[in-house]
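J.:
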Amino acid sequence: MRTRAKYVAFFVVPAFALVGIFVVYPVARTVVLSFLDSDGKFVGLQNYIKVLSSREIVNLEGLSRGFPLGALVHNLLWIAIHLPLTLALGLVLAVLLRNVRGGAVIKSIIFLGMVMPMIVGGVMINFMFDKNLGIFNAFMEIFGISARSWTAYPDTALLALIFGSVWLWVGFSTVLYSAGLETIPKDLYEAAQLDGASALKIFTKITIPMLRPITIVVVTMTLLWELKVFDIVYVATMGGPGGASNVLALQMYLYAFRAMDFNRSAVVAVLLTMSTLLVSLPLLRTLRDDQS
Amino acid sequence: MKPKAMLVSLLGWLVALVWILPFMGVFMTAIRPLDELLNGWWNFQTFRPTISNFSGAWNHPTAALSRGMLNSLIVAVPATLLPLFLATMAGYGLSRYKFRLRTPLLALVIIALALPQQTIAVPIFQMMNALNLVDTYLGLIIVHTAWGIPWIAFFMRNFFTTIPKAMEEAARIDGASDITIFFKVVLPLAMPAIGSAFALQFTWVWSDFFLALILIYSPDKLLATQRIPLMRGVYHVDWGLLSSAAILVMVVPIVVYLILQRYYIRGMVGWSLK
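Chains as they are written, first to last, in this note's numbering: chain F, 593 to 884; chain G, 726 to 999.
1) Using the rule of at least 16 other Cβ atoms within 10 Å of the residue's Cβ for burial, across every protein chain shown, is Ser777 (chain G) buried or exposed?
2) Around the C-beta of Pro913 (chain G), are 16 or more other C-beta atoms found within 10 angstroms, so that it is buried, or is it exposed?
3) Are there three or more Cβ pairs, one per stretch, closer than 8 Å when the stretch 686-694 of chain F is compared with the stretch 729-741 of chain F?
4) Listing by chain order, which chain G residues have their CB less than 8 Å from the CB of Gly695 (chain F)?
5) Just to confirm my understanding: we take Val885 (chain F), look at its own chain, exclude 5 residues before and 5 after, and list those with CB closer than 6 Å. What are they?
6) Mind listing the chain F neighbours of Gly750 (chain G)? Cutoff is C-beta to C-beta under 7 Å, in chain order.
7) For the stretch 842-862 of chain F, which residues have a beta carbon sitting closer than 8 Å to at least one beta carbon of chain G?
8) Any chance the stretch 785-804 of chain F sits against the stretch 745-756 of chain F, with 3 or more Cβ pairs inside 8 Å?
9) Distance check for Ala620 (chain F) and Trp744 (chain G), CA to CA, integer angstroms please.
10) Work out the CA separation of Gly900 (chain G) and Val994 (chain G) for me, nearest whole Å.
11) Contact between the stretch 825-838 of chain G and the stretch 928-947 of chain G: three or more CB pairs below 8 Å?
12) For Ser837 (chain F) and chain G, any beta-carbon pair shorter than 8 Å?
13) Of the residues that make up the stretch 761-795 of chain F, which ones have a beta carbon closer than 7 Å to any beta carbon in chain G?
14) Counting only C-beta atoms, is Asp823 (chain F) closer than 8 Å to chain G at any point?
15) Identify each residue in the stretch 838-856 of chain G for which the Cβ-Cβ distance to at least one residue of chain F is less than 9 Å, and report them in chain order.
16) Assuming Ser888 (chain F) contacts Ala686 (chain F) under a Cβ cut-off of 8 Å, what Cβ separation, rounded to an integer in Å, is found between them?
17) By DSSP, does Leu628 (chain F) sit in helix, in strand, or in coil?
18) How big is the Cα-Cα spacing for Val710 (chain F) and Pro777 (chain F)?
19) So which residues of chain G does Val665 (chain F) contact, with C-beta pairs closer than 7 Å?
20) Check whether the Cβ atoms of Leu967 (chain G) and Met956 (chain G) sit closer than 8 Å, and answer yes or no.
21) Tell me whether the stretch 805-815 of chain F and the stretch 627-635 of chain F touch, counting them as touching only if at least three CB pairs, one residue from each stretch, are closer than 8 Å.
22) If you draw a straight line from the C-alpha of Leu683 (chain F) to the C-alpha of Thr766 (chain F), how long is it?
23) Mind checking whether Tyr845 (chain F) and Gln843 (chain G) have CB atoms under 8 Å apart?
24) Is it the case that the stretch 859-878 of chain G contacts the stretch 791-805 of chain G, given that we only count it when at least three CB pairs across the two stretches are under 8 Å?
25) For Val977 (chain G), count the other beta carbons within 10 Å of its own beta carbon; 16 or more makes it buried, fewer makes it exposed. Which is it?
26) Beta-carbon within less than 6 Å of Ala815 (chain G)'s beta-carbon, same chain only, minus the 5 sequence neighbours each way: which residues are those?
27) If you check the beta carbons only, do Gln926 (chain G) and Leu838 (chain G) fall under 8 Å apart?
28) In three-state DSSP terms, what is Phe719 (chain F)?
29) Can you give the Cα-Cα distance for Phe824 (chain G) and Leu816 (chain F), rounded to whole angstroms?
30) Give the straight-line distance between the Cα atoms of Ile673 (chain F) and Ser741 (chain F), rounded to the nearest whole angstrom.
31) How is Lys598 (chain F) classed by DSSP in three states: helix, strand or coil?
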């Protein structure tokens with residue numbers, strides 16, 4: 593029995609010691625910081641009230657005046673637009689590309705957006721929407737819309753980033769859904785076809801329900817990504833102009849390393865972490881199923 | 726049926742075109758002189774390719790990518806191998822032994838997967854400051870290692886639960902210790918999974934921006950990703966330079982992806998599908 597404990601320690605302790613010191617402790621410390629003032633005195637929820645009522649986080653005036661709406665609202669908007677688009681596009685492309693010669697090559701091309709560093713992804717988004725070089729403007733001119741750098745204007749900066757990030761992220765949902773489609777037994781489809789089911793009916797009654805486990809994973813990972821988005825905003829707009837494309841992760845950085853306010857930045861970090869933990873609850877549940 | 730199949734193929738390749746256009750644009754912008762781009766990079770009335778933008782980015786006076794890419798490599802190699810080694814052992818431990826802390830540790834791993842890096846940023850900066858490791862690669866490598874361990878451990882643990890224990894038990898009957906079994910029997914079997922984890926962790930460390938941003942600040946120590954935002958001109962965006970820099974920095978993970986594509990996708994799918 594003692595030797596077994598020795599082996600457990602040998603395998604598990606070095607890794608988790610590092611995680612404990614450089615991940616768990618910092619997280620705990622951030623939570624503590626969010627309840628302290630700059631002198632280290634406990635102030636309860638004061639920092640939270642201050643942050644949540646600040647215009648950088650939620651800007652109610654924006655509702656009538658337009659962007660900025662505040663980093664928190666911007667993240668929610670990001671989710672509201674990016675999540676359904678990447679899910680739908682990924683599913684449609686996965687189904688479509690199965691029947692296309694060279695579908696694997698197309699998938700690899702779409703997946704490139706996932707492979708590049710996101711700091712490069714941000715540059716690419718700026719490039720796509722640039723006034724002179726952006727292909728987006730070339731298309732828009734066909735419809736008579738005059739060219740402009742879409743990421744440079746408060747009313748379109750955030751939307752341009754969100755649509756650009758769809759371009760970056762669809763590779764993920766496409767590849768996962770493609771892998772998922774492979775797991776659906778072929779005879780299910782054959783039986784449905786024998787019964788005379790329409791293609792649409794087969795899609796809604798067989799494909800979508802069978803892909804449910806994949807959908808959970810794709811939704812979770814996409815939500816996590818939307819909440820954590822930082823690099824592309826930093827390099828493309830720095831949250832600007834005038835905060836019009838600011839997001840929580842960037843605001844945390846600005847509080848901490850530009851304004852040197854570690855307490856307010858801790859609040860943003862804690863709020864962000866609570867959201868990501870909430871989002872990953874389904875994954876924790878699969879763990880519980882594993883154990884039983 | 727035939728025209729329909731063709732229509733589907735056409736649609737598929739149209740999508741591919743939309744996805745590849747920005748890459749072509751960045752590439753054309755990088756290899757063409759500025760005066761040719763004024764009517765759009767898709768305009769080919771004249772075409773005089775040049776590598777001056779690439780050499781400009783490579784030897785940039787304040788943010789040379791030659792140095793940046795070397796720095797990124799110096800960080801990425803140990804920051805990939807170290808967590809890979811430690812987390813493979815941890816993943817094996819979590820899959821083969823039942824002990825009281827096992828489920829809590831697994832839960833911790835999943836929680837760590839969800840954490841944003843912003844949550845550790847300030848305390849990490851303060852700790853590294855206290856340890857005199859701010860603006861050193863050692864500090865950054867340690868943080869990358871700790872940050873990479875949870876997902877690799879989880880991924881490897883899931884892999885180990887799928888491989889049969891028969892060979893390990895046979896070795897045990899022959900009198901081999903658990904540690905010998907791990908290194909002699911299990912590790913060789915685990916190479917495909919380790920390959921997947923390697924491809925992903927290397928790509929992520931190479932692509933990382935945030936941790937480098939908060940820990941590394943000396944101009945000559947900046948990593949490749951940190952030099953990209955510095956490539957923008959002051960008064961206007963120098964797209965030729967910026968495009969070349971973008972291509973140079975993304976080429977490394979794309980090459981890793983193309984070489985290890987099978988492992989890469991399996992890692993992505995396997996890791997996500999638990």
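Glycine included, C-beta positions come from ideal geometry on N, C-alpha and C.
T.: This is what the structure holds:
1) exposed
2) exposed
3) Segments in contact, no.
4) Gly737
5) Residue 885 (chain F) lies beyond the residue range present for chain F, which begins at 593 and ends at 884; the question has no answer from this structure.
6) Phe719, Leu725 and Ile727
7) Met844, Tyr845, Ala848, Phe849, Phe854, Ser857, Ala858, Val860, Ala861 and Val862
8) No: the two stretches stay apart, fewer than three of their Cβ pairs being nearer than 8 Å.
9) 42 Å
10) 37 Å
11) Result no; under three Cβ-Cβ pairs closer than 8 Å.
12) At a cut-off of 8 Å between C-beta atoms, Ser837 (chain F) does not count as an interface residue with respect to chain G.
13) Within the stretch 761-795 of chain F, the residues whose Cβ lies closer than 7 Å to any Cβ of chain G are, in chain order, Val767, Leu768 and Ala771.
14) yes
15) Within the stretch 838-856 of chain G, contact with chain F at the beta-carbon level (separation under 9 Å) is assigned to Leu838, Ala839, Leu840, Pro841, Gln842, Gln843, Thr844, Ile845, Ala846, Val847, Pro848, Ile849, Phe850, Gln851 and Met852.
16) Not covered by the structure: residue 888 (chain F). The range shown for chain F is 593 to 884.
17) The answer is strand: DSSP assigns Leu628 (chain F) an E or B state.
18) Reading the sequence as shown, one finds Met at residue 710 (chain F) and not Val. Answer to the nearest angstrom: the Cα atoms are 36 Å apart.
19) Here the premise fails: no neighbours, minimum Cβ distance about 18 Å.
20) yes
21) no
22) 6 Å
23) yes
24) yes
25) buried
26) Ala878
27) no
28) Three-state result, Phe719 (chain F): helix.
29) 31 Å
30) 21 Å
31) helix
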